[in-house]
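There are 2 protein chains.
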Amino acid sequence: MDLPQKISLREVGPRDGLQNEDPVPTDAKVALLDRLSVTGVKRIEAVSFVRPDAIPQMADADEVWKRAAKAPDIRYSALVPNLRGAIRAMDAGFTELEAVVSASETHNRKNVNRSTGQSLDEIAEIIAMAHERDATVQVIVSTAWGCPYEGDVPVERTVSVVGRAITDGADSTSFGDTTGMATPARVRALVGAFRAKYPEQNLNLHFHNTRGTGLANVLAALELGVSDFDASVGGLGGCPYAPGATGNIATEELVHMVEDMGVDTGIDLEAMIDAAADAERIIGRTLPSQVLRAGPRTRTIPA
Amino acid sequence: MDLPQKISLREVGPRDGLQNEDPVPTDAKVALLDRLSVTGVKRIEAVSFVRPDAIPQMADADEVWKRAAKAPDIRYSALVPNLRGAIRAMDAGFTELEAVVSASETHNRKNVNRSTGQSLDEIAEIIAMAHERDATVQVIVSTAWGCPYEGDVPVERTVSVVGRAITDGADSTSFGDTTGMATPARVRALVGAFRAKYPEQNLNLHFHNTRGTGLANVLAALELGVSDFDASVGGLGGCPYAPGATGNIATEELVHMVEDMGVDTGIDLEAMIDAAADAERIIGRTLPSQVLRAGPRTRTIPA
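Line by line, the protein sequences are chains A and B. Residues 438 to 740 (our numbering) are what the first sequence spells out, left to right. Residues 438 to 740 (our numbering) are what the second sequence spells out, left to right.
Printed below as a string of structure tokens:
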């Protein structure tokens, strides 16, 4: 089985993770960002520029970003919900933006109160404006493998939504398994259909472990040669649709598995586990990461 | 990717699960067994016949088994630690026995205070006696992918230990990932080496999710054509080596993933989730099953 020799991980704990937890102080956010910046990870989703009244967790995005250490060899990105957010992000110095649209019409309406078509229209404007300012935009298609309201989302629908963004100039693309509805067979089906249509397009995959399939989906994707994944330190970020349920896959679990399979991530596993322990202290609840609990497989106990 | 069209699952919650939790009343054990017997699962590891002073969780094995409903189309098995336990199991009516030996010398000594060679000697006697009474014996090699004391266990060592049992007449074999040290690459390596040497031998795999790789390991094994797995309802059974850590993979998580991939388990997923909810009530702690928390992917919420 030929797997990629190395993969590129984007750490999304500071943004996606913390946005789906109870609010934490600015100091703690800066400390987490800085802690992650010395783990060897080379991409971090740092903040989002959203309406403070709608998402208080990210109300201090400018302040967090201003105070973060910003390692020169790390690519930091910001999520932007609209043109206004994109302007804020670029004014703050970000050159990598992320914009989200749901594959599911119902999910998009529940999330941003507009149709996917309307969201894609604004994303086209964001892309045009970003390119004028030498910034890039990744378009993330959420509910790519299923919607908590609609159920299954047809592969054709997800490919069609991302296709519109590619036509509009998206610099890169991502599929998000927003509520953990993907299984390995569905990963193969969607990635296969996407590649058949867009063989040259880079693809990031963002899995959730809501139903336990997170790392199995990563394995299926690795076997297809996918080499770009999101993960969240400690598994930070619950699932907003199922109380008590898990959201993002944990970065240290992903690193632990794939490094043991000979796939290089560039990440220092022990440093990432330490960062996960910090994240757990910051958030004040037990995070779902198994590797944080049990330690890596190399950690033996005295006989 | 050709996967088996169907797999055979052995539910190990009543024995392996409950043996690694705080003791529960006899009534609850009988109720759990009976509940599991109507989920569609066709094999259940029911009890173990161990020393009551050493393992109080299984002190009432005879009583539990006497009172259980015992569905005629289900194969129930009992774990036996020695000859004495094997006699008790067969006297109680069991015709399927399981005997365990560690691939790791240190783990075997810590577990049963003897060498693997001594354990294998007694297993040979158990097999001989079982065959005289028309019973079968599965030999389970624990710490097959690694030992919490020794670390890595070489593939050759695990194959050599199981090989001795096969030579002695083991009716079937199983590899146990006792502390969740397997990753997909290691699954491929061990299953490959085993099959190269014993191409005709049936093989059961018993994964733990201690480091989050449980279902990824199942996927890797399915891709190799393995069609015989253990799992525990709700993920019952913690990891005795890492406080708070997870042990067995959850039956409903395994069923949920593979059924969505077109692999038939014969199990009614909703019935198994209900059984997991019962198991959680019985044990009085939150079980690690994600599918128990979030529900199956088919369970949508009102928009």
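Built from N, CA and C at the ideal position, the CB exists for glycine as well.
For the region 611-618 of chain B against the region 645-659 of chain B, do three or more pairs of beta-carbon atoms, one drawn from each stretch, fall closer than 8 angstroms, so that the two count as touching? yes
If you compare alpha carbons, which of B:472, B:610, B:445, B:690 is closest to residue 508 of chain B? Within the second sequence, the letter at position 71 stands for residue 508 of chain B. Taking only the C-alpha atoms, the option nearest residue 508 of chain B is B:472.
Is there a Cβ from chain A that is less than 7 angstroms from the Cβ of residue 826 of chain B? For chain B, the structure presents residues 438 to 740; residue 826 of chain B sits outside this window and is missing.
Secondary structure of residue 704 of chain B, DSSP reduced to three states: As a first step, residue 704 of chain B is located in the second sequence; it is residue number 267 there, counting from the start. Coil, per DSSP.
Flag residue 755 of chain A as yes if its beta-carbon sits less than 7 angstroms from any beta-carbon of chain B, otherwise no. In the structure displayed, chain A extends from 438 to 740; residue 755 of chain A sits before or after that span and is not available.
Is residue 470 of chain A closer than 7 angstroms to residue 515 of chain A when the C-beta atoms are compared? Your numbering for residue 515 of chain A matches position 78 in the first sequence. Your numbering for residue 470 of chain A matches position 33 in the first sequence. Cβ atoms of residue 515 of chain A and residue 470 of chain A: not closer than 7 angstroms.
Exposed or buried, residue 466 of chain B, counting other C-beta atoms within 10 Å across all chains shown (16 or more means buried)? If you number the second sequence from 1, residue 466 of chain B lands on position 29. The residue is buried, with at least 16 neighbouring Cβ atoms inside 10 Å.
Quick check: the Cα distance between residue 523 of chain A and residue 538 of chain A, rounded to an integer number of angstroms? For the purposes of this step, residue 523 of chain A is identified with residue 86 of the first sequence, where counting begins at 1. For the purposes of this step, residue 538 of chain A is identified with residue 101 of the first sequence, where counting begins at 1. Those two C-alpha atoms are separated by around 15 angstroms.
Proximity of residue 604 of chain B and residue 578 of chain B at Cβ, strictly below 7 angstroms: If you number the second sequence from 1, residue 604 of chain B lands on position 167. If you number the second sequence from 1, residue 578 of chain B lands on position 141. Against a cut-off of 7 angstroms, the Cβ pair of residue 578 of chain B and residue 604 of chain B comes out as no contact.
CB of residue 740 of chain B within 7 angstroms of CB of residue 543 of chain A, strictly: Taking the second sequence and counting its residues from 1, one reaches residue 740 of chain B at position 303. Taking the first sequence and counting its residues from 1, one reaches residue 543 of chain A at position 106. In contact: residue 740 of chain B and residue 543 of chain A (Cβ atoms closer than 7 angstroms).
With a 10 Å radius around its C-beta and 16 neighbouring C-beta atoms as the bar for buried, classify residue 564 of chain A as buried or exposed. Here residue 564 of chain A corresponds to residue number 127 of the first sequence, with the count starting at 1. With 16 or more other Cβ atoms within 10 Å, it is buried.
Residue 545 of chain B in three-state terms, based on DSSP: Within the second sequence, numbered from 1, the residue matching residue 545 of chain B stands at position 108. Three-state DSSP puts residue 545 of chain B in a helix.
State yes or no: is the C-beta of residue 672 of chain B within less than 7 angstroms of the C-beta of residue 724 of chain B? Translated into positions along the second sequence, residue 672 of chain B becomes position 235. Translated into positions along the second sequence, residue 724 of chain B becomes position 287. Contact: yes.
Buried or exposed: residue 697 of chain B, going by 16 or more other Cβ atoms within 10 Å of its Cβ? Taking the second sequence and counting its residues from 1, the one referred to as residue 697 of chain B is at position 260. Buried is the call here.
Would you grab the beta carbon distance between residue 501 of chain A and residue 463 of chain A for me? Rounded to a whole angstrom, and I think it's under 8 angstroms. Start at 1 with the first residue of the first sequence, and residue 501 of chain A comes out as number 64. Start at 1 with the first residue of the first sequence, and residue 463 of chain A comes out as number 26. The Cβ separation is near 6 angstroms, so the contact holds.
In chain B, which residues lie less than 8 angstroms from residue 697 of chain A when you measure between Cβ atoms? Here residue 697 of chain A corresponds to residue number 260 of the first sequence, with the count starting at 1. What residue 697 of chain A touches in chain B: 620, 622, 623.
Spatially closest choice to residue 571 of chain B from B:600, B:526, B:548, by CA coordinates: Position 134 of the second sequence holds residue 571 of chain B. Taking only the C-alpha atoms, the option nearest residue 571 of chain B is B:526.
Would you list the residues sitting across from residue 676 of chain A in a DSSP beta bridge? The residue labelled residue 676 of chain A in the question sits at position 239 within the first sequence. For residue 676 of chain A, which the question treats as bridged, DSSP gives no partner whatsoever.
For a cutoff of 7 angstroms on Cβ pairs, would you count residue 653 of chain B as touching chain A? Position 216 of the second sequence holds residue 653 of chain B. At least one chain A Cβ lies under 7 angstroms of residue 653 of chain B.
Report yes or no: is there a C-beta of chain A within less than 7 angstroms of the C-beta of residue 379 of chain B? For residue 379 of chain B there is no data in the structure shown, the boundaries of chain B being 438 and 740.
In chain E, which residues lie less than 9 angstroms from residue 543 of chain A when you measure between Cβ atoms? The chain inventory of the structure shown lacks chain E, comprising the protein chains A and B.
Beta-carbon of residue 677 of chain B versus every beta-carbon of chain A: anything under 7 angstroms? Residue 677 of chain B sits at position 240 when you count from the first residue of the second sequence. Answer no: the Cβ-Cβ gap between residue 677 of chain B and chain A never drops below 7 angstroms.
Which residue marks the beginning of the beta strand (DSSP E) containing residue 668 of chain A, and which one marks its end? The sequence position of residue 668 of chain A within the first sequence is 231, counting from 1. From DSSP, the beta strand (DSSP E) with residue 668 of chain A extends over 665-668.
Nearest neighbour of residue 722 of chain A, chosen from A:457, A:440, A:452 [CA to CA]: Taking the first residue of the first sequence as 1, we reach residue 722 of chain A at position 285. Closest by alpha carbon: A:457.
Give the straight-line distance between the Cα atoms of residue 670 of chain A and residue 688 of chain A, rounded to the nearest whole angstrom. Numbered from its first residue, the first sequence carries residue 670 of chain A at position 233. Numbered from its first residue, the first sequence carries residue 688 of chain A at position 251. About 5 angstroms.
Could you give the DSSP three-state label for residue 409 of chain B: helix, strand or coil? Absent from the model: residue 409 of chain B. The displayed extent of chain B is 438 to 740, so no value can be given.
Cβ atoms of residue 656 of chain B and residue 656 of chain A: under 7 angstroms apart, would you say? Along the first sequence, one-based indexing puts residue 656 of chain A at 219. Along the second sequence, one-based indexing puts residue 656 of chain B at 219. Taking 7 angstroms as the Cβ cut-off, residue 656 of chain A and residue 656 of chain B qualify as a contacting pair.
Determine the contact status of residue 651 of chain B and residue 686 of chain B, defining contact as a CB-CB distance below 7 angstroms. In the second sequence, the residue the question calls residue 651 of chain B occupies position 214. In the second sequence, the residue the question calls residue 686 of chain B occupies position 249. Yes; because the gap between Cβ atoms is below 7 angstroms, this pair is in contact.
Is the beta carbon of residue 446 of chain B closer than 7 angstroms to that of residue 475 of chain B? For this step, residue 475 of chain B is matched to residue 38 along the second sequence. For this step, residue 446 of chain B is matched to residue 9 along the second sequence. Cβ distance not < 7 angstroms, so residue 475 of chain B and residue 446 of chain B don't count as in contact.
For chain A, find out if any of its Cβ atoms is closer than 7 angstroms to the Cβ of residue 573 of chain B; answer yes or no. Counted from its first residue, the second sequence places residue 573 of chain B at position 136. For residue 573 of chain B, the answer is no, since every Cβ of chain A falls outside 7 angstroms of its Cβ.
Cutoff 7 angstroms: residue 588 of chain A Cβ touching any chain B Cβ: Mapped onto the first sequence, residue 588 of chain A falls at position 151. Yes, because at least one Cβ of chain B sits closer than 7 angstroms to the Cβ of residue 588 of chain A.
Could you tell me which residues DSSP pairs with residue 466 of chain B in its beta bridges? Here the question's residue 466 of chain B lines up with position 29 in the second sequence. DSSP lists no partner for residue 466 of chain B.
Assumed close pair residue 492 of chain B, residue 451 of chain B - CB separation to whole angstroms, cut-off 8 angstroms: Working through the second sequence from its first residue, we reach residue 492 of chain B at position 55. Working through the second sequence from its first residue, we reach residue 451 of chain B at position 14. Not really, about 14 angstroms apart at Cβ, beyond 8 angstroms.
List the residues of chain A whose Cβ lies closer than 7 angstroms to the Cβ of residue 585 of chain B, in chain order. In the second sequence, counting from the first residue as 1, residue 585 of chain B sits at position 148. Within 7 angstroms Cβ-Cβ: 737, 738.
Going along chain A, which residues have a C-beta under 7 angstroms from residue 693 of chain B? Counting from one through the second sequence, the residue named residue 693 of chain B turns up at place 256. Correct list: 648.
Determine the closest residue to residue 591 of chain A out of A:631, A:712, A:485, with distance taken between C-alpha atoms. Locating residue 591 of chain A in the first sequence gives position 154, where the first residue counts as 1. Checked all of A:631, A:712, A:485; the closest Cα to residue 591 of chain A is A:631.
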